[in-house]
Amino acid sequence: ARGFNIIQRISLILLHVILFIIRGSFPKHWIVKSLPITFNSPFQTNDIKQICPMIFEESSKEKNLCLTYPNMMVSIVYGAKLGLVECAQQFKFERWNCTFNESFPNMMTHHLHEMTVRSVKETAFLFSIWSSGVVYSITNSCSKGDLKECYCDPQRHGQDKDGSGDFTWGGCSDHIKFGMKVSTIFLDNHDRKDQTGRSLMNQHNNRVGRRVVWKTRLKKCKCHGVSGACSLRTCWQRMNDFRRIGDMLKKLYNKPQKVSYNPFQKSLTFSRNQFRRPSKKRLVYIEQSQDYCIQDLTIGHPGTGGRECNYTSSQHDSCSELCCNRGHYAYEMVVEENCDCKFFWCCEVDAKYAGERYSCIDVNIQCGEEVVHRQQSYSI
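Shown next as structure tokens:
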């Protein structure tokens, strides 16, 4: 117990030192500048000397802090990348599919920035998944011993009890609260200074993202005893799989709360009841979203023309929904596979028919009832 107390005290001291040094230092949405630079390449600690000057101004306090805490910076940027990848996964069948052109960093920076300055529910999801991604990444780094500022959760030790009886905390429990604190420091600080409606919205959605990581945590236990008896239990705390966290945030995205900004109290209120504050369990937005049917170059959204849709679905990926009732065309895909193929002398492969697929008609194409069939074949 004494060893755990020492670890806990050291962890808390280091955490407060970081809080004191970093608080208020990082510019607003600095993460937007870092993501395009690092998205397509592994971001290692050794790269920090090249990356920090690209994100922060020369001879600035921010750049010095970036260089002082390289492992933490790597973990934070990785967490934001994790969130952006999960965002694309969750929205891959919807009109806005959370994709940004990572092949062109400057363009990606511009598009991400334009998306973050909006007050729509897609921005709400983006901030919440970034926030949860940073919590997830920092916490994992703590558990693996990659950060000198933290380790396992110092409070998860000794005897405890639950509905199944007594147990002993053992192993390395994820220090989720440390990850939540770091996420708050790096993502919320400048929004706290700028008490506009949008900044309050961002702070709220950041908190929702962190809360979901905490609320979906798991307690895993191992039994000890003769012949499989569970006379003794050792338990430890783990974060849930990040896909489950993304699933939960997507459910919250589907049922957001519309809020209004009260400039006198500098607070958000429920749009249908000005005396009611938004729920801490719900994502919030201020402005109505566009329908995302057509191209929006400001945020790099290509529109839904040419997107593949599901003809038999009644969900967001259905042809009527995804194609915005512009119509769709069918095309046949013939693909070469190594299974069930026959080779004919000398130059042909008999490949199986892969089925009919459907794609949205572009907004610039004349819409009609005719279904166009395209057969694609490949020679070798």
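Our numbering numbers the first residue of the sequence shown as 457 and each following residue consecutively. Cβ coordinates follow ideal geometry from the N, Cα and C atoms, glycine included.
| Check | Outcome |
| --- | --- |
| Supposed close pair serine 639, serine 587 - CB separation, criterion 8 Å | 5 Å |
| CB contact flag (aspartate 713, phenylalanine 698, <9 Å) | In the sequence as displayed, the identity of residue 713 is glutamine instead of aspartate. Not closer than 9 Å, so no. |
| Residue range of the unbroken beta strand (DSSP E) whose run includes tryptophan 692 | 688-694 |
| Cα-Cα separation between tyrosine 785 and glutamine 744, rounded to whole angstroms | 30 Å |
| Distance CB(threonine 579)-CB(tyrosine 741) smaller than 9 Å | yes |
| Histidine 784 - partner residues in DSSP beta bridges | Cys816 |
| Sheet register partners of tyrosine 717 (DSSP bridge) | Leu724 |
| Per-residue DSSP class, three states only, for phenylalanine 549 | coil |
| Classification of alanine 685 by the beta-carbon crowding that lies within 10 angstroms, buried from 16 upward | exposed |
| Beta-ladder partner(s) of threonine 624, from DSSP | Gln615 and Thr690 |
| Distance between proline 758 and cysteine 780 (C-alpha atoms, nearest Å) | 14 Å |
| Contact set for isoleucine 817: own chain, Cβ-Cβ below 8 Å, skip 5 residues either direction | Gly761, Cys779, Arg782, Gly783, His784, Tyr785 and Cys823 |
| Cβ contact (3+ pairs, closer than 8 Å) linking the stretch 667-681 and the stretch 691-707 | yes |
| Cβ pair glutamine 693, isoleucine 632 closer than 9 Å | yes |
| One or two residues paired with asparagine 766 in a DSSP bridge | Ser774 |
| Nonlocal neighbours in the same chain, by C-beta distance under 6 Å from tyrosine 534, ignoring five residues either side | Ser593 |
| Nonlocal neighbours in the same chain, by C-beta distance under 7 Å from cysteine 606, ignoring five residues either side | Ser467, Cys598, His631 and Phe634 |
| Beta-carbon proximity list for histidine 567, same chain, < 6 Å, skipping 5 on both sides | Phe556, Ile755 and Gly756 |
| For cysteine 508 and leucine 523, believed in contact at Cβ under 8 Å, the rounded distance | 5 Å |
| Best match in Gly627, Met564, His772 and Gln651 for proximity to threonine 749 [C-alpha to C-alpha] | Correcting the residue type first, residue 749 is cysteine in the shown sequence and not threonine. If we check each option's Cα against that of cysteine 749, His772 comes out closest. |
| Same chain only: Cβ atoms within 8 Å of serine 575, ignoring 5 sequence neighbours per side | Gly653, Arg654, Met657, Tyr741, Ile742 and Glu743 |
| Whether phenylalanine 642 touches cysteine 677 by CB criterion (9 Å) | no |
| Which residues DSSP lists as bridging lysine 678, in chain order | Thr690 |
| Alpha-carbon spacing of serine 841 relative to leucine 739, whole angstroms | This structure does not reach residue 841, given that the chain is present from 457 up to 836, and the question cannot be answered. |
| Distance between methionine 563 and glutamate 764 (C-alpha atoms, nearest Å) | 25 Å |
| Boundaries of the alpha helix (DSSP H) in which serine 683 is found, first to last residue | Note, serine 683: premise wrong, no alpha helix (DSSP H); not H, not E. |
| DSSP state of tyrosine 741 mapped onto helix, strand, coil | strand |
| Buried/exposed call for asparagine 820, threshold 16 Cβ in 10 Å | Confidence at asparagine 820 is low in this model, with a pLDDT of 44, below 50, so the placement of that residue should be treated as unreliable; the coordinate-derived value is given next. The residue in question, asparagine 820, is exposed, as its Cβ has fewer than 16 Cβ neighbours within 10 Å. |
| Contacting residues, own chain, Cβ-Cβ under 7 Å from aspartate 706 (five flanking each side not counted) | The sequence given here has lysine at residue 706, not aspartate. Gln546, listed in sequence order. |
| Contact under 9 Å by Cβ, cysteine 679 with arginine 663 | no |
| Aspartate 752 (DSSP reduced to helix, strand or coil) | strand |
| Aspartate 752 versus arginine 673: straight-line alpha-carbon distance, rounded | 38 Å |
| Among Pro610, Glu550 and Gly665, nearest to alanine 536 - alpha-carbon criterion | Gly665 |
| Spatial distance of tyrosine 525 from glutamine 659 (CA atoms) | 24 Å |
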